[in-house]
Amino acid sequence: MATSSAEGIKWDLSDIFAAHDDPRIDLTINDCRARAERFADCFRSAMQRPETLTPDVVLQALEELEIIYESLGRVGSYAGLLYAAETSEPDYQDLEQRVEQRSTEIRNLLLFFEIQWLKVDDSTANRLLADAKLKTYSHYLRSLRRYRQHTLTEPEEKIINEKDNTGRNAFGRLFSEVTSSLSFPFEKDGRKDDLNLSQILSLLHDPDRALRQRAMDTLYQGLSLHDQVLTFIYDALIQDHLTMDRLRHYPNPIAQRHLFNEIDGEAVRTMMHVTEENYPLAQDYFRLKAKLLELPRLALYDQYAPVGKDVRPFPYQQAQQVILDAFEAFDPKFRQIAAEFFAQNWIDAEIRKGKRGGAFCASPSPQLHPYILCNYDDNLRDVMTVAHELGHGLHGSLSRKQNYFNYDTPLTTAETASVFGEMLVFDHLLAHQTDPQVQIALLAGKIEDIFATVFRQNVLTRFEEKAFAARTEKRLTPDALGTLWLEANGKYYGDAVDMTDGYRWGWSYIPHFIHSRFYCYSYVFGQLLVLALYRMYKDEGKSFVPKYLTLLEAGGSDSPEVLLKPLGVDIHSAEFWQKGFVEIKGLVANLQKLI
Ligand SMILES: [Zn+2]
Numbered sequence: 014m015a016t017s018s019a020e021g022i023k024w025d026l027s028d029i030f031a032a033h034d035d036p037r038i039d040l041t042i043n044d045c046r047a048r049a050e051r052f053a054d055c056f057r058s059a060m061q062r063p064e065t066l067t068p069d070v071v072l073q074a075l076e077e078l079e080i081i082y083e084s085l086g087r088v089g090s091y092a093g094l095l096y097a098a099e100t101s102e103p104d105y106q107d108l109e110q111r112v113e114q115r116s117t118e119i120r121n122l123l124l125f126f127e128i129q130w131l132k133v134d135d136s137t138a139n140r141l142l143a144d145a146k147l148k149t150y151s152h153y154l155r156s157l158r159r160y161r162q163h164t165l166t167e168p169e170e171k172i173i174n175e176k177d178n179t180g181r182n183a184f185g186r187l188f189s190e191v192t193s194s195l196s197f198p199f200e201k202d203g204r205k206d207d208l209n210l211s212q213i214l215s216l217l218h219d220p221d222r223a224l225r226q227r228a229m230d231t232l233y234q235g236l237s238l239h240d241q242v243l244t245f246i247y248d249a250l251i252q253d254h255l256t257m258d259r260l261r262h263y264p265n266p267i268a269q270r271h272l273f274n275e276i277d278g279e280a281v282r283t284m285m286h287v288t289e290e291n292y293p294l295a296q297d298y299f300r301l302k303a304k305l306l307e308l309p310r311l312a313l314y315d316q317y318a319p320v321g322k323d324v325r326p327f328p329y330q331q332a333q334q335v336i337l338d339a340f341e342a343f344d345p346k347f348r349q350i351a352a353e354f355f356a357q358n359w360i361d362a363e364i365r366k367g368k369r370g371g372a373f374c375a376s377p378s379p380q381l382h383p384y385i386l387c388n389y390d391d392n393l394r395d396v397m398t399v400a401h402e403l404g405h406g407l408h409g410s411l412s413r414k415q416n417y418f419n420y421d422t423p424l425t426t427a428e429t430a431s432v433f434g435e436m437l438v439f440d441h442l443l444a445h446q447t448d449p450q451v452q453i454a455l456l457a458g459k460i461e462d463i464f465a466t467v468f469r470q471n472v473l474t475r476f477e478e479k480a481f482a483a484r485t486e487k488r489l490t491p492d493a494l495g496t497l498w499l500e501a502n503g504k505y506y507g508d509a510v511d512m513t514d515g516y517r518w519g520w521s522y523i524p525h526f527i528h529s530r531f532y533c534y535s536y537v538f539g540q541l542l543v544l545a546l547y548r549m550y551k552d553e554g555k556s557f558v559p560k561y562l563t564l565l566e567a568g569g570s571d572s573p574e575v576l577l578k579p580l581g582v583d584i585h586s587a588e589f590w591q592k593g594f595v596e597i598k599g600l601v602a603n604l605q606k607l608i
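Below you can see the structure in the form of structure tokens.
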């Protein structure tokens with residue numbers, strides 16, 4: 014196997030702890046445990062008598078909680094990062110599990126604080142929240158109260174937490190085990206191999222049409238062999254979700270996700286409706302792509318066929334240069350922050366056995382800088398991945414001025430900085446390419462990427478809604494799910510793409526349906542938001558930059574709607590969401606010109 018240019022690029026975690034057996038790890042956990050017990054002794058009775066609660070007491074409690082969570086987060090992040098980098102190392106596996114278990118115990122000791130806070134009546138809560146002393150914690154305290162009608166008693170919540178491990182979490186693990194052990198027999202260049210799921214999926218990007226078709230048939234044929242267990246898992250999880258909705262008084266299955274995202278369902282409905290109205294735009298692109306591939310019509314397995322000329326190889330050092338230049342053109346501060354990630358070894362980029370696949374950026378807490386993991390393989394796609402994760406890294410760095418509770422952003426805006434970072438790098442690359450064939454490849458890649466995050470995720474969410482509605486009537490069968498899936502996709506592809514019959518299994522391996530239901534619309538939100546913001550940047554130029562920096566610095570200190578207001582974003586307006594599609598239309602028109 015050829016080695017990637019990122020060989021030797023590993024992160025340095027010694028800022029957090031020295032090694033997996035650093036005695037400070039256990040000292041930290043023991044200290045958290047002792048603090049949590051003291052916390053319960055000090056504050057349990059005070060929280061049970063809300064009429065006597067003073068801002069000083071609440072402040073004292075929050076400051077102590079912050080210290081405990083921060084320390085637990087430090088240990089948890091360290092264990093998680095070590096494990097992600099070497100998943101097969103038994104010492105790291107042990108540490109991760111031990112930390113997880115002890116953290117759950119400690120968090121259970123602290124659970125009463127939140128539950129009691131939800132029981133505090135509105136007038137007392139408002140009296141406390143109005144006090145200047147609690148100003149920096151007011152968003153956290155206020156937003157916790159959105160769960161008031163949906164939280165059960167402390168013993169009930171504890172039982173749910175524990176039973177979930179053998180209930181819905183167990184079904185999730187079963188799904189992971191089944192899908193990660195899938196094996197697809199496939200013959201290529203006269204060699205027979207057993208491919209895993211990600212290997213067979215990557216063949217859908219192959220230039221050879223017959224091979225793509227064979228890969229797709231093999232994929233769905235392989236999935237259909239597990240129809241019973243995959244359907245059973247999904248069916249059970251939907252039923253579990255519906256049961257919890259009833260017990261927690263949620264009006265509909267998607268409501269708890271909206272609440273978690275700090276977003277009003279009405280805004281999401283508008284966004285999804287506008288997205289659907291733009292399905293014909295996608296179909297126009299599919300017809301254009303058919304022309305590029307010299308086909309009368311696109312089949313599903315042609316969707317990701319390469320067009321134009323690939324810019325390969327793309328060495329890591331060059332990626333670093335391109336990303337830093339692109340960030341600098343936006344704002345020198347961006348370059349300065351991103352450069353530190355490279356210089357201080359906060360990125361683990363090399364490919365090695367036992368390392369977790371994919372990529373992520375971990376922003377443990379305001380007291381620590383973020384870390385990035387990726388598997389750099391000298392592709393253009395990898396450059397975009399690094400740009401994406403560095404976007405998260407910028408966000409995580411800029412929002413370090415927030416306290417622990419205001420640090421993280423909800424899902425809907427969590428992808429803003431990352432997708433924006435990708436846009437900066439994409440534009441920079443496109444502007445510096447002179448070969449039209451390379452420009453075609455870049456543009457088509459970007460358009461298909463956006464389709465995958467906007468249109469496809471909308472289709473996924475519509476399918477989920479339909480599956481949940483169908484489950485209220487009867488148990489789900491593979492047949493019923495397949496039909497719902499084809500219906501939801503049929504609206505998107507229209508008569509521009511031929512769906513294969515095997516595609517009825519397309520729903521069965523998507524992890525979000527299992528691990529984080531109704532998550533997918535957040536991708537639509539993030540991508541359309543960034544397209545609109547990026548247009549503002551192009552129109553307004555440098556005057557946009559400080560507004561954008563303020564948004565990133567704000568972290569999760571308020572709801573997305575409030576934080577986005579100063580930028581002129583109205584998430585309730587259909588016109589706002591349409592702006593994103595105007596941008597997509599522009600990209601498709603540019604491609605058409607090149608052809
Ligand atoms: Zn991301």
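Each residue of the sequence shown is one higher than the last, beginning at 14 in the working numbering. We treat Cβ as the ideally placed atom computed from N, Cα and C, and that holds for glycine.
- Looking at the structure shown, is Ala465 part of a helix, part of a strand, or coil, going by DSSP? DSSP places Ala465 in helix when its eight states are reduced to three.
- Item | Segment limits, beta strand (DSSP E) that includes Phe199 | Phe199: member of the beta strand (DSSP E) spanning Phe197 to Lys201, first to last residue.
- Message: Once DSSP output is grouped into helix, strand and coil, what is the label at Tyr384?
- Response: Tyr384: strand per DSSP, three-state reduction.
- Item | Span separating the alpha-carbon of Met14 from that of Leu250 | Interpretation of Met14 is limited by its pLDDT of 43, a score under 50 that renders its predicted location unreliable; the figure taken from the coordinates is listed afterwards. Taking the straight line from one Cα to the other gives about 41 Å.
- Reduced DSSP secondary structure (H/G/I, E/B, other) of Leu165: DSSP places Leu165 in coil when its eight states are reduced to three.
- Query: Excluding sequence positions up to five away, which residues of its chain have a Cβ less than 6 Å from the Cβ of Glu428?
  - Reply: Hits under 6 Å: Gly539.
- What separation, rounded to the nearest whole angstrom, lies between the Cα atoms of Ser412 and Leu255? Answer to the nearest angstrom: the Cα atoms are 36 Å apart.
- Item | Nearest to Trp359 (by Cα), restricted to the options Val396, Glu402 and Ala339 | Nearest option by C-alpha distance: Glu402.
- Message: So, under 8 Å CB-CB, Gln61 and Gln129 are touching, yes? Tell me the CB distance rounded to an integer number of Å.
- Response: Going by Cβ atoms, the distance from Gln61 to Gln129 rounds to 6 Å, so yes, they are a contact pair.
- When a residue counts only if its C-beta is closer than 6 Å to some heavy atom of ligand 1, which residues count, in chain order? Counting every residue whose Cβ lies closer than 6 Å to a heavy atom of ligand 1, we get His401, His405, Glu428 and Ser431.
- Answer with buried or exposed for Asp34, where buried requires no fewer than 16 other C-beta atoms within 10 angstroms of its C-beta. Exposed, because fewer than 16 other Cβ atoms sit within 10 Å of the Cβ of Asp34.
- Burial state of Thr1 (16 or more Cβ within 10 Å): For residue 1 there is no data in the structure shown, the boundaries of the chain being 14 and 608.
- Item | Same chain only: Cβ atoms within 8 Å of Gly180, ignoring 5 sequence neighbours per side | These residues qualify, in order along the chain: Asp253.
- Item | Assigned exposure category for His239 - 16 Cβ within 10 Å defines buried | So His239 ends up on the buried side.
- Message: Please state whether the Cβ-Cβ distance between Gln333 and Val399 is less than 9 Å.
- Response: Note that the C-beta distance between Gln333 and Val399 is below 9 Å.
- Asp206, DSSP secondary structure in three states: Under the three-state reduction of DSSP, Asp206 is assigned to strand.
- Message: Counting beta carbon pairs with one atom in the stretch 413-421 and one in the stretch 548-564, are three or more of them shorter than 8 Å?
- Response: Too few Cβ pairs lie closer than 8 Å, so no.
- Message: Using the Cβ count rule (16 or more neighbours within 10 Å means buried), how would you classify Ile608?
- Response: Counting Cβ neighbours within 10 Å, Ile608 comes out exposed, since fewer than 16 surround it.
- Grouping DSSP H, G and I as helix and E and B as strand, with all else coil, what is Met14? Residue placement at Met14 cannot be trusted, given a pLDDT of 43 that sits under 50; what the coordinates show is reported in the next sentence. Correct three-state label for Met14: coil.
- Message: Count Cβ pairs between the stretch 374-385 and the stretch 432-446 that sit closer than 8 Å; are there 3 or more?
- Response: Counting Cβ pairs under 8 Å, fewer than three are found: no touch.
- So, is Ala295 buried or exposed, given that buried needs 16 or more other C-beta atoms within 10 angstroms? Buried, by the Cβ-count rule.
- Task: With DSSP collapsed to three states, give me the class of Leu260.
- Result: DSSP places Leu260 within a helical segment (H, G or I) once states are collapsed to three.
- Exposed or buried, Thr422, counting other C-beta atoms within 10 Å across all chains shown (16 or more means buried)? Under this definition Thr422 is a buried residue.
- Message: Give me the DSSP bridge partner(s) of Ala375.
- Response: Tyr384, per the DSSP bridge assignment.
- Task: Assuming Ala312 contacts Thr490 (C-beta within less than 8 Å), just tell me the rounded distance between them.
- Result: With 8 Å as the limit, Ala312 and Thr490 do not qualify as a contact, their Cβ atoms being about 27 Å apart.
- Message: Using the three-state DSSP reduction, which class does Val510 fall into: helix, strand or coil?
- Response: Looking at Val510 - three-state DSSP - the assignment turns out to be strand.
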